[in-house]
Structures are given as C-alpha cells and as structure tokens.
Amino acid sequence: MHRARNTKSKRAGGARRDARTPRRARHDRFDLGSLNAPQLEAVLHDDGPMLVLAGAGSGKTRVIIYRITRLVRDGVPPGQILGVTFTNKAAREMRERLTELAGPRGAEVHLSTFHALGLRIIREEREAAGLRAGFCIYDTGDQLSLVRDMMRQTRVADRRLDPGRVLEMILSAKRGRLAGVEVDHEGDEYDVAAAELYPRYVAQMRAFNAIDFDDLILRAQDVLAQPLVRERWQARFSYMLVDEYQDTSPDQLTLLRALAGAKRNICVVGDDDQSIYGWRGAAAGNILSFGKAFPGTREIILDQNYRSTQYILQAANAVIQNNAVRKAKRLWSAGGDGEAVEVVACGTGDDEAAFVVDRIQQLLYEGARADEIAILYRANVQSRAFEELLALERVPFRVVGGQAFFERKEVRDAIAYLAVAQNPLDEVALRRIVNSPPRGIGLTSLERLVQHGENTRKGLWAALVQAGSVDGLSVSAVAGAAQLVGVLAPRARRLRAAAAGELSRQCQELFDQLGLRDAILTADDAPGISAKRLENLDEVVRSIEMFERQSPAALLLAEYLRSSALTQLPGEDGEDRQARVTLMTLHAAKGLEFRYVFLVGIEEDALPHRKTLEEGGDLAEERRLCYVGMTRARERLWITWARRRLRYGRLQERAASRFIAELPVGAGVTTHEHDTSGVSEEEQDQMAQDFFSRMRDRLGIDD
DNA sequence: AGGCTCTCTCTTTTT
DNA sequence: GAGAGAGCCT
Numbered sequence: 013m014h015r016a017r018n019t020k021s022k023r024a025g026g027a028r029r030d031a032r033t034p035r036r037a038r039h040d041r042f043d044l045g046s047l048n049a050p051q052l053e054a055v056l057h058d059d060g061p062m063l064v065l066a067g068a069g070s071g072k073t074r075v076i077i078y079r080i081t082r083l084v085r086d087g088v089p090p091g092q093i094l095g096v097t098f099t100n101k102a103a104r105e106m107r108e109r110l111t112e113l114a115g116p117r118g119a120e121v122h123l124s125t126f127h128a129l130g131l132r133i134i135r136e137e138r139e140a141a142g143l144r145a146g147f148c149i150y151d152t153g154d155q156l157s158l159v160r161d162m163m164r165q166t167r168v169a170d171r172r173l174d175p176g177r178v179l180e181m182i183l184s185a186k187r188g189r190l191a192g193v194e195v196d197h198e199g200d201e202y203d204v205a206a207a208e209l210y211p212r213y214v215a216q217m218r219a220f221n222a223i224d225f226d227d228l229i230l231r232a233q234d235v236l237a238q239p240l241v242r243e244r245w246q247a248r249f250s251y252m253l254v255d256e257y258q259d260t261s262p263d264q265l266t267l268l269r270a271l272a273g274a275k276r277n278i279c280v281v282g283d284d285d286q287s288i289y290g291w292r293g294a295a296a297g298n299i300l301s302f303g304k305a306f307p308g309t310r311e312i313i314l315d316q317n318y319r320s321t322q323y324i325l326q327a328a329n330a331v332i333q334n335n336a337v338r339k340a341k342r343l344w345s346a347g348g349d350g351e352a353v354e355v356v357a358c359g360t361g362d363d364e365a366a367f368v369v370d371r372i373q374q375l376l377y378e379g380a381r382a383d384e385i386a387i388l389y390r391a392n393v394q395s396r397a398f399e400e401l402l403a404l405e406r407v408p409f410r411v412v413g414g415q416a417f418f419e420r421k422e423v424r425d426a427i428a429y430l431a432v433a434q435n436p437l438d439e440v441a442l443r444r445i446v447n448s449p450p451r452g453i454g455l456t457s458l459e460r461l462v463q464h465g466e467n468t469r470k471g472l473w474a475a476l477v478q479a480g481s482v483d484g485l486s487v488s489a490v491a492g493a494a495q496l497v498g499v500l501a502p503r504a505r506r507l508r509a510a511a512a513g514e515l516s517r518q519c520q521e522l523f524d525q526l527g528l529r530d531a532i533l534t535a536d537d538a539p540g541i542s543a544k545r546l547e548n549l550d551e552v553v554r555s556i557e558m559f560e561r562q563s564p565a566a567l568l569l570a571e572y573l574r575s576s577a578l579t580q581l582p583g584e585d586g587e588d589r590q591a592r593v594t595l596m597t598l599h600a601a602k603g604l605e606f607r608y609v610f611l612v613g614i615e616e617d618a619l620p621h622r623k624t625l626e627e628g629g630d631l632a633e634e635r636r637l638c639y640v641g642m643t644r645a646r647e648r649l650w651i652t653w654a655r656r657r658l659r660y661g662r663l664q665e666r667a668a669s670r671f672i673a674e675l676p677v678g679a680g681v682t683t684h685e686h687d688t689s690g691v692s693e694e695e696q697d698q699m700a701q702d703f704f705s706r707m708r709d710r711l712g713i714d715d
C-alpha cells in the first residue's frame, strides 16, 4: 500500500482524490470489478435478510444502487423492487444515480421515503385505514396549532405550558398505542394536561378527517395487519432495501417486517455509529438486533473508507470506540496518513472565529474552493460569530438549516385555503384562514363559531355558513363569514373536481378573488419583503402547475395537498452556482463530505450538550455526533474550542469537550493554542500540554 | 384588535 | 443578548 506524502503539493492531493473516489465519478458504469470484497458480497447476495454495516465513507449508497441494478440485470422486474429512505433528498439522489447506472429501467424501481410509502398504502386502503375521502395530513405546525387551540378551549392548561411539550407527550402515547397518558406524578401539570388532551386530540383528528406524520406509519401498519391486505402488498415487492437503517423507529421496523413477509428479501444498510436521531424516536437497537428480528441474517461489514485520510480516521475511531454498545468495526483506508488533525484551544469565542476564518482565507488563497470547506457545530446559535466574521471578510458562505422555511405565512395561508376547499372538515386550516386576510372575525367571534360548530356537531364550516343564526356574533363577523363562504363554497367543488391543466389556473383565480395579493400589498411590510411574499405566493401556483404536469388526473387537489405536506416546498436559493463555505449543524452534515472541516465550539455543555447531561440523555449519541462530524472531512480536520465564551450575555468559563480528551494526541493529532490576549507562545504550548496530561490523568488514558 | 412591554428560555429536525 | 410568547393596555 503506498503512502501518499503528507505535506506536498495540491496537485498530488488532487490526483489522489480522483483515484480513490470512484463512487463520485460522473458516469458510474456498472462494473463489479470496481467493488471491494464485502461490497461485492452485498451486491451479489441473493435471497434472505441481509444487514450491511456501512461505515462512514464506505460506499454505502453505491452498494445499494449496484445491488438494485444487479437484481434488475438478473431479471427481477424493477417494479418489484422497493427502496426506502428517510428523506426526499436521499430518495431523489438515489433515483438519479440509479437511472444513471441501470438505465431507464431504473426509473421503474419504487424509491420512496417511509412516510410516502405509508401514504401510498393508506391511500390505496383508505377505508380499511378508517379514513374518509379527501383526508388531509397535518404537519408539525398544524399539530401545534391544534394543541394550542385545545389548550385554550379546555382551560385545562391555560397557564404557561409549552404546547410543544404537551404535543410530544400526546404523540409518544399515540406511538405506544396507549389508551391514555398516565399521570405519573399527581401534581405534574404536563401529565395532567396531556392526559386530558390526548383523547381529545385523537377525536379532533378523526373529526377533521386528518392524520399526522406518525399515523402514516401507524395506520399503514394497522392496514397490513389484515391478512388479505398484507398478502396483496407482500406480493407487490419481492426485494426491499432500506437506507440509513440506524434511523428507523420500532414502528417502521414493524412495517418493514409486514411487507417483507415470508420471503424476507430485505436488505438494510446503516451504521450504528451514525445513529444521531434517537431523540426523535429512532431506535439504534434496531440495527443492533436486526439479526434477532430476522433470524439467519447475513451480516456484512463495510469498513474500508474511501473518503478520509488515515489520521482523520484514526482520530475518529479513537473517539467512537469509547462507546460501549456498538457493532465492532474500525474504519481503515488505503490512502495516506495525510495532515495531522489539529486541536485548537482558543482564548475566547472571538479568537476561535478569527482562527477559523483566518485559516479559511489561507485555504482559499492556496486555491481551495469555498464549497470544499465546512464549519460544523452542535447548535444553530453557534453559527453567529462565524457568520459575522465571514461577512466582514467577504468570504462567501451559506448557512444551512435554521428555520426560515417554516414561517412563510403567505404560503401556509394559501395552502390552507386549498385544504379547506378540499376538506371543509379541516378545522386547523379553517381557523388559520378565517380571518386572514382580516374579515372582522376576531378571537371571540371565532370561539363562538367553534362552539356552535361543536354544539350542532356539524363543525366550524357549517357554523360559518349559517353565521347569521349564531348567537353573539358581531355584525362585522357575520358579514365576514358570509364573504368567506360566498367566495370559497362555489369554488370548492370545482377545485376538487379540477383535472390537470385547470387546477393551477383555478387556484390562481381563487387567490385573486380572496384578495391574497392585495392583502400582501396592503400590509405595511418593507417593499422588499412584500415583493418576496408575492413571489412566494406565485411559487405556490407554480408548484401546483408542476404537480399537474407529472400526475395522473384523478383527485388532483387532494393528492397535491398530501404531497406538499410530505415535501418541503423548494427553498429560495435552490440553484446557486457560487461556491460558498458551508455552515451547518452536525446533524445536517450527516451524509455529506468536505475536503476541509472545522468542528467548532467543541466544549463541555455544547458538544455533550448540557441538556443531554442534565436530563440523563444519551452521552453515546453525543459522541456519535462528534464522530459523524469528524468523518465528514476528507483531507483536513480542525477541532476548536474556547476557554472563555460570551453566552447568554455573560462571559463564561468553558472546558474542552471530554471527546477532545479521547483523541490520540501525538499520533496524527496535534494541539495548539490560539489566544490573542497576550500570552507568550511557550506559555500557550505549556498550557496545552498540561491540559492534555490532566485530561488523560483524569480519564486514565496512557500517553 | 392590535401594539407594547415584560418575562422566560436558551438542542438537534425530517416527514 | 435576543427572540418568542403571554399578558396588559389603549
């Protein structure tokens, strides 16, 4: 095995990269000879369950694509193959690479997210799933609105309880298919509130003909519990492949088992060391006990890494091996050692930002592209200091994630109008739009209408239709209701029946008639803002057009609404040709790779996050997060922390993360100080060395 | 109904 | 220190 030189020129680095990243090659040609032994074994495996433990950068996706292509080449009808991913993005990527490798037949393979798969089953088995036609899907925002409304209405919890937390409790009871929420501690307001609201939540969802994201999995599971239905679906898919298996929940596993049936041709691919979504229901245990769920499982380990240098892998391995419960594997690479991983102790948060931005500028000066560089952190707030300095220094950058997407009120409103047109029982949507744009129906009037709707058992929409006979409404409210009903009712039927080609036009007309554009223009936002919001509104109509073009004609509106709940509308800067430095959370970075990576703010309370430590959370998951971050780096990795940091408005003393102490300093990892507050270099070095020997002592690690 | 001030908290996030 | 949300005031 040749050892690439560590220090030499960019050219060497470039050539080496080409040689060892065949999986990213532009035109991947089907060539079994390009696979390593375990990869080949996974691709050639015939029938029966298989678990592929794919370490970071081990060519995981490529194995999936190759396996599918191989099955198709061996005569399996592509329509009989089901590939399941977690995100739309992953599904899209897989589709592209598959069509490239397998040709047009690759397009016939079913690739979908878990939730889209659930929806498909529920849609086709709607009655068995206990739903009426035109049912709608509630996203997290809708769920929260519902919980807030319920809290207001029942008064059970009108004090300052966090609706999100109440919702979380309701959902976890629902996931566990419990009859109710248990009141563990007599006095606990949250227990009491959740116990009271749980049955109401279920009843409301039923009344609104709505299901939430969890229901997509749970109801599909219910439907498949019926033998005839199950057999039908089992017959449809003869081979299943599941990506990112470490992120599956127990419910998803149940669904998979039902689909796999007696054939058990199920291949799951994942990495227990990259399980970082335990907090949202993923069961890392799924991957560890896959062999129990499917006896006779063939287990394959992909531990050859094609991404990072030896030093980076050694450092990452050293950290992750401190996790007690994991599948033993150790990433290795045929590449060279590369440059040492640098741990940088900074004086303050400002020093840290200065160091990172300075290094970035140096890299750019040496010819690196900005999009080969990433700054990764635990929590979104940590991006601030880096954003500011990068902006000041005019280094192009983009911040991934945050919220932004969510709060496009005008988009949500427009969609809510369509949702009501489709399903007048959808009261979350109806409440949202009833007074937006303003029609004189304030909170008091709305509550009266809701009450009337409940009393008559006909719902809010019916109450609006007969607003004239509802007690205690103001004249303006009655007029407002009449106006809303007058516009929406006659259009609703035509919208529901609209075929491809007319739906988008009709929506546009509806929006105009409702005065959505005017409302945006009248609102006294800054001119730039209202222009943006108008654009967003147009974007809605455009997305409907897109949908019309690629969908079969029947029930277009209902399908559009459901699919828009499952796929985020495209962000603003989809196509951006300029190379930019990427700033994002460690979570968001999973699955990506960069030539140069800065892991910043690696301090106690931040990387093992305070909350995890306090709330008896999962320290191992924090360590995996660190591992995920480190393994994003191809060539160079910096890990930085600050001794003092301005937080919550005050200067805080900080300690390096315990994960830093787990690094093999001296063996491909170097440390140094970056403190501008006037300490001499010798002192700084001494401090760093002292720090590490103290840390090692404390943790009982040999030098 | 809307705007203002006070108070509280301060992960991660896809579907 | 900053943003969100509740409550109070006009």
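Residue 582 in the numbering used here sits at position 570 of the first sequence, and the numbers go up by one each step. All residues carry an ideal CB built from backbone N, CA and C; glycine is no exception. The structure displayed is predicted, hence computed values, not measured ones.
Segment limits, alpha helix (DSSP H) that includes residue i
| i | result |
| --- | --- |
| Asp-263 | 262 to 272 |
| Tyr-323 | 322 to 332 |
| Ile-387 | Note, Ile-387: premise wrong, no alpha helix (DSSP H); beta strand (DSSP E) at 385 to 389. |
| Ile-427 | 421 to 434 |
| Gly-576 | Correcting the residue type first, residue 576 is Ser in the shown sequence and not Gly. First-last of the alpha helix (DSSP H) with Ser-576: 568 to 578. |
| Tyr-213 | 201 to 219 |
Close beta carbons around residue i, own chain, < 6 Å, minus the five adjacent residues each side
| i | result |
| --- | --- |
| Ala-114 | Thr-81 and Val-84 |
Backbone secondary structure at residue i - three-state DSSP
| i | result |
| --- | --- |
| Ala-654 | strand |
| Gly-308 | coil |
| Gln-590 | coil |
| Arg-648 | strand |
| Ala-49 | helix |
| Gln-286 | helix |
| Ala-668 | strand |
| Asp-524 | helix |
| Thr-97 | strand |
| Ala-66 | strand |
Separation of residue j from residue i, as counted between CA atoms
| i | j | result |
| --- | --- | --- |
| Leu-236 | Arg-276 | 16 Å |
| Asp-362 | Arg-592 | 22 Å |
| Val-462 | Arg-469 | 10 Å |
| Glu-665 | Ala-391 | 19 Å |
| Glu-400 | Arg-410 | 12 Å |
| Leu-388 | Cys-638 | 10 Å |
| Ala-716 | Val-553 | Not covered by the structure: residue 716. The range shown for the chain is 13 to 715. |
| Ser-486 | Ala-475 | 14 Å |
| Arg-109 | Ala-141 | 35 Å |
| Ala-365 | Glu-547 | 36 Å |
| Gly-118 | Met-252 | 15 Å |
| Gly-629 | Asn-335 | 14 Å |
| Val-477 | Leu-179 | 31 Å |
| Cys-358 | Ala-654 | 4 Å |
| Val-521 | Gly-69 | The sequence given here has Glu at residue 521, not Val. Cα to Cα, the separation comes out at about 50 Å. |
Residue i, buried or exposed, once every other Cβ within 10 Å from all chains shown has been counted against 16
| i | result |
| --- | --- |
| Asp-483 | exposed |
| Gln-326 | buried |
| Ala-66 | buried |
| Lys-602 | buried |
| Tyr-660 | exposed |
| Lys-304 | exposed |
| Ala-272 | buried |
| Ala-247 | exposed |
| Pro-502 | exposed |
| Thr-652 | buried |
| Ile-301 | The displayed chain sequence assigns Ser, not Ile, to residue 301. Result: exposed. |
| Arg-622 | exposed |
| Thr-152 | exposed |
| Leu-404 | exposed |
First and last residue of the uninterrupted beta strand (DSSP E) at residue i
| i | result |
| --- | --- |
| Tyr-150 | 148 to 150 |
| Val-356 | 353 to 360 |
Same chain, Cβ closer than 7 Å to residue i, five either side skipped, listed in chain order
| i | result |
| --- | --- |
| Glu-139 | none |
| Gly-350 | Asn-18, Thr-321, Gln-322, Tyr-323, Ile-324 and Glu-647 |
8 Å Cβ shell around residue i - same chain, five flanking residues per side excluded
| i | result |
| --- | --- |
| Ala-386 | Val-593, Thr-594, Leu-595, Met-596, Ala-601, Leu-604, Phe-606, Tyr-608, Val-609, Phe-610 and Arg-644 |
| Met-106 | Thr-73, Ile-76, Ile-77, Gly-95, Thr-97, Leu-123 and Asp-255 |
| Arg-656 | Gly-359, Thr-360, Gly-361, Leu-663, Gln-664, Glu-665 and Arg-666 |
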